[in-house]
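Participant: Structure below; questions to follow.
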Amino acid sequence: MALWSSRAALDARPAPRRYHASRGTGAAMHEALTVERDGGIATFTITRPRVNALSLDLLESFAEELHRAADDPEIVVAVWRSGLPNIFSGGYDLADSGPSPAHHMPGERTVRVRNAQTALLDIPIPIVVAVNGPAVGLGLLMPALCDIVVAGRSARFGLPEVQIGAIGGAGHARRILPEPVLRYMMLTGRRVTPEYLQQCGAISLVVEDDQLEAETMAIAREIASYDPVVVRNNKISLEMLRGVDDVATVYAIEHKWGAAIRASRE
């Protein structure tokens with residue numbers, strides 16, 4: 001990851017821009033993904049009836065647009081939301097995997113899904129995700145890779161792979177779920193409430209459904225009000241510190257990214 005050692009000029013931000021995501025590979029734009037940029041915030045909305053299933057093409061469009069947002073020095077934070085009123089995401093689009101739900105994804109598809117997931121970790125801008133209604137399978141695992149998860153009270157989280165004869169997701173789910181909760185969810189396939197996950201320390205905030213969008217955007221605006229270099233370097237530092245217990249290593253990492261912040265002010 002590159003050091004963010006120079007502050008972007010943010011004085012003349014453009015008016016909000018809304019567009020459908022298009023991939024730099026030359027592929028047709030994905031109609032399910034809309035991105036709006038305003039005031040340092042890039043808002044990603046996925047609207048794919050009936051259940052916001054995450055197809056390979058959609059995942060790749062999402063990943064590419066996340067990288068585009070991160071490459072824009074005016075963008076400080078990203079927001080991910082559902083454009084459907086009663087569901088966040090039903091998970092991976094099984095139609096992309098073959099004729100049977102139990103069909104294992106071939107290696108190429110596995111790599112494509114992993115690349116999309118990695119984008120959530122690699123980009124240096126924080127991602128705030130607003131979860132409304134069910135978020136299951138990949139629809140839970142992708143938010144688990146984000147920085148701040150805000151859930152409405154109607155949200156329900158599940159890992160139903162055992163119910164369809166599949167396996168996978170434990171590695172990403174462990175980022176937010178304690179081991180007993182992870183095993184309970186993966187071995188039973190049961191859905192849990194946002195209150196339950198908040199008590200476990202797995203999600204950031206639970207709000208009333210009618211306050212979900214307002215609270216999510218309030219968090220994003222607060223982050224966007226800070227120095228972009230400071231925000232980005234904090235995000236990078238936090239990722240590098242994950243799983244690090246050695247005090248000297250922790251100090252060295254924080255010193256490196258703190259030095260980049262100081263250099264940006266010279």
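In case it helps, our numbering puts the sequence shown at residues 1 to 266.
From the three backbone atoms N, C-alpha and C, an ideal C-beta is built for every residue, glycine too.
#1: I'd like the list of long-range same chain contacts for K235, defined as Cβ closer than 6 Å, with 5 residues on each side in sequence excluded.
#2: Between S154 and the rest of its own chain, which residues show a CB-CB distance below 8 Å, the 5 nearest in sequence each way excluded?
#3: E36 lies in the alpha helix (DSSP H); which residues open and close that run?
#4: Output yes or no for whether 8 Å exceeds the beta carbon distance between L141 and G169.
#5: Assuming A151 is part of the beta strand (DSSP E), what are its boundary residues?
#6: Can you list, in chain order, the residues of its chain whose CB lies under 6 Å from that of L205, leaving out five sequence neighbours each side?
#7: So what does L203 bridge to, in DSSP terms?
#8: Roughly how many angstroms lie between the CA atoms of R262 and A248, to the nearest whole one?
#9: Helix, strand or coil for V181, going by three-state DSSP, please let me know.
#10: Using only alpha-carbon positions, find the residue among E213, V128 and M240 that is nearest to L84.
#11: Could you check if G171 is buried or exposed, using at least 16 other CB atoms within 10 Å of its CB as the buried criterion?
#12: Can you tell which of Q163, I167 and R190 has the C-alpha that lies nearest to the C-alpha of R156?
#13: Just the C-alpha distance for S82 and T34, rounded to the nearest angstrom, thanks.
#14: Excluding sequence positions up to five away, which residues of its chain have a Cβ less than 7 Å from the Cβ of P160?
#15: Roughly how many angstroms lie between the CA atoms of R37 and I75, to the nearest whole one?
#16: From A53 to A42, what distance separates their C-alpha atoms?
Facilitator: Let me lay it out:
#1: Mapped onto the sequence shown, residue 235 falls at position 235. So the list reads P124 and P126, once near-sequence residues are dropped.
#2: If you number the sequence shown from 1, residue 154 lands on position 154. Excluding positions up to five away in sequence, the list reads N86, N132, G133 and D209.
#3: Locating residue 36 in the sequence shown gives position 36, counting from the first residue. Per DSSP, E36 belongs to no alpha helix (DSSP H); it is in the beta strand (DSSP E), L33 to D38.
#4: Here residue 141 refers to the residue found at position 141 of the sequence shown. Here residue 169 refers to the residue found at position 169 of the sequence shown. Yes; because the gap between Cβ atoms is below 8 Å, this pair is in contact.
#5: Residue 151 sits at position 151 when you count from the first residue of the sequence shown. Per DSSP, A151 belongs to the beta strand (DSSP E) from I148 to G152.
#6: Here residue 205 is taken as the residue at index 205 of the sequence shown, counted from 1. Hits under 6 Å: V150.
#7: Counting from 1 along the sequence shown, the entry for residue 203 is found at position 203. Note on residue identity: the sequence assigns Ile, not Leu, to residue 203. BP columns for I203 are empty, so no partner.
#8: Mapped onto the sequence shown, residue 262 falls at position 262. Mapped onto the sequence shown, residue 248 falls at position 248. Their backbone Cα atoms lie some 21 Å apart in a straight line.
#9: Reading the sequence shown from its first residue, position 181 is the one you call residue 181. V181 falls in the helix class under three-state DSSP.
#10: As a position in the sequence shown, residue 84 is number 84, starting the count at 1. For L84, the nearest C-alpha among the options comes from E213.
#11: Residue mapping note: residue 171 aligns to position 171 of the sequence shown, counting from 1. Classification of G171: exposed, given that the 10 Å Cβ count is below 16.
#12: Counted from its first residue, the sequence shown places residue 156 at position 156. Residue R190 holds the alpha-carbon nearest to the alpha-carbon of R156 among Q163, I167 and R190.
#13: Within the sequence shown, the letter at position 82 stands for residue 82. Within the sequence shown, the letter at position 34 stands for residue 34. When rounded, the distance between both Cα atoms is 10 Å.
#14: As a first step, residue 160 is located in the sequence shown; it is residue number 160 there, counting from the start. Cβ within range, chain order: V136, G137 and G189.
#15: Within the sequence shown, the letter at position 37 stands for residue 37. Within the sequence shown, the letter at position 75 stands for residue 75. Each residue's Cα considered, the two are about 8 Å apart.
#16: For the purposes of this step, residue 53 is taken as residue 53 along the sequence shown, with counting starting at 1. For the purposes of this step, residue 42 is taken as residue 42 along the sequence shown, with counting starting at 1. The alpha-carbon atoms of A53 and A42 are separated by roughly 22 Å.
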